[in-house]
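Visitor: Numbering (the working numbering), first residue to last: 2 to 194. The C-beta atom is built at its ideal place from N, Cα and C for all residues, glycine as well. One structure, as structure tokens, below. Some questions next.
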Amino acid sequence: MVKEQADNKVYLRMIYLISILIPLVVAFLIYFPAKLGLAGDWVKLLPGLHATVNSLTVLTLVAAFISIKKGNIKLHRTFMFASLFLGVLFLLSYVLYHSSVESVKFGDLNFDGELSEEELLKAGTSRTVYLVILASHILLSILVVPFVLFAFYYALTNQIERHKKIVKFTYPVWLYVSITGVIVYFLIKPYYF
Numbered sequence: 002m003v004k005e006q007a008d009n010k011v012y013l014r015m016i017y018l019i020s021i022l023i024p025l026v027v028a029f030l031i032y033f034p035a036k037l038g039l040a041g042d043w044v045k046l047l048p049g050l051h052a053t054v055n056s057l058t059v060l061t062l063v064a065a066f067i068s069i070k071k072g073n074i075k076l077h078r079t080f081m082f083a084s085l086f087l088g089v090l091f092l093l094s095y096v097l098y099h100s101s102v103e104s105v106k107f108g109d110l111n112f113d114g115e116l117s118e119e120e121l122l123k124a125g126t127s128r129t130v131y132l133v134i135l136a137s138h139i140l141l142s143i144l145v146v147p148f149v150l151f152a153f154y155y156a157l158t159n160q161i162e163r164h165k166k167i168v169k170f171t172y173p174v175w176l177y178v179s180i181t182g183v184i185v186y187f188l189i190k191p192y193y194f
């Protein structure tokens with residue numbers, strides 16, 4: 002019992018640490034002035050990969066939801082582990098992309114990294130819509146990480162009531178983040194190099 006409680010504390014600390022480190026590392030890599038220099042044509046493919054991974058995450062999350070509603074716990078777990086794997090894949094690719102190239106600006110028609118008044122006028126309200134969706138996507142993607150990790154922890158440690166309670170919030174937020182990830186990609190796609 003004592004060893005189990007100590008193990009639980011280790012896992013809980015890991016969840017907190019990961020939840021704090023992910024946004025800090027991502028922010029550092031995006032805003033750090035020096036890039037890794039991995040830029041090449043292959044890096045330009047990563048935003049499309051991100052949209053694909055987010056689309057697959059939507060599908061696996063929906064399939065997991067349907068599976069658990071039908072009482073198929075084994076299939077539910079399979080789809081949830083697939084969703085988690087896709088989330089990790091997305092995060093690694095996202096960090097690689099943003100640590101290699103400058104972020105694309107919505108409305109930057111001449112691809113110079115700056116928005117002129119003319120470009121801002123042409124973008125109009127679509128830029129505001131994009132920024133609102135992007136802001137909600139980023140904020141919720143940061144907030145959902147610890148909840149996803151706790152949901153997995155509770156499921157794996159057979160704390161099913163706690164798992165059920167946390168996924169009532171976590172599932173729709175994770176689904177929203179995945180869907181808006183795809184929307185954000187298609188909105189900004191015209192401004193990629």
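How far does the alpha helix (DSSP H) with PHE66 in it extend, from its first residue to its last?
Guide: That run of the alpha helix (DSSP H) goes 47-70.
Visitor: According to DSSP, simplified to helix, strand and coil, what is LEU110?
Guide: Correct three-state label for LEU110: coil.
Visitor: So, using beta-carbon positions, are ILE134 and VAL174 closer together than 8 Å?
Guide: Not in contact: ILE134 and VAL174 (Cβ atoms no closer than 8 Å).
Visitor: Looking only at its own chain, which residues have a Cβ that is under 8 Å from the Cβ of LEU85, when we skip the five neighbours before and after it?
Guide: Within the same chain, LEU85 has close Cβ partners VAL149 and PHE153.
Visitor: Can you tell me which of the three DSSP states SER179 falls into?
Guide: Residue state, collapsed to three classes: helix.
Visitor: State the Cα-Cα distance for the pair TYR193 and ALA64, rounded to the nearest angstrom.
Guide: Looking at the two C-alpha atoms, the distance is approximately 32 Å.
Visitor: For the alpha helix (DSSP H) that GLU119 lies in, which residues bound it at each end?
Guide: Where GLU119 is concerned, the enclosing alpha helix (DSSP H) stretches over 118-157.
Visitor: Please classify LEU87 as buried or exposed, where buried requires at least 16 neighbouring CB atoms within 10 angstroms.
Guide: LEU87 should be labelled buried.
Visitor: Could you tell me the boundaries of the alpha helix (DSSP H) in which SER101 lies?
Guide: No alpha helix (DSSP H) holds SER101; DSSP gives it neither H nor E.
Visitor: What does the Cβ neighbour count give for THR126, buried or exposed, with the cut at 16 atoms within 10 Å?
Guide: Its Cβ having fewer than 16 others within 10 Å, THR126 is exposed.
Visitor: So for TYR32, helix, strand or coil by DSSP?
Guide: Three-state DSSP puts TYR32 in a helix.
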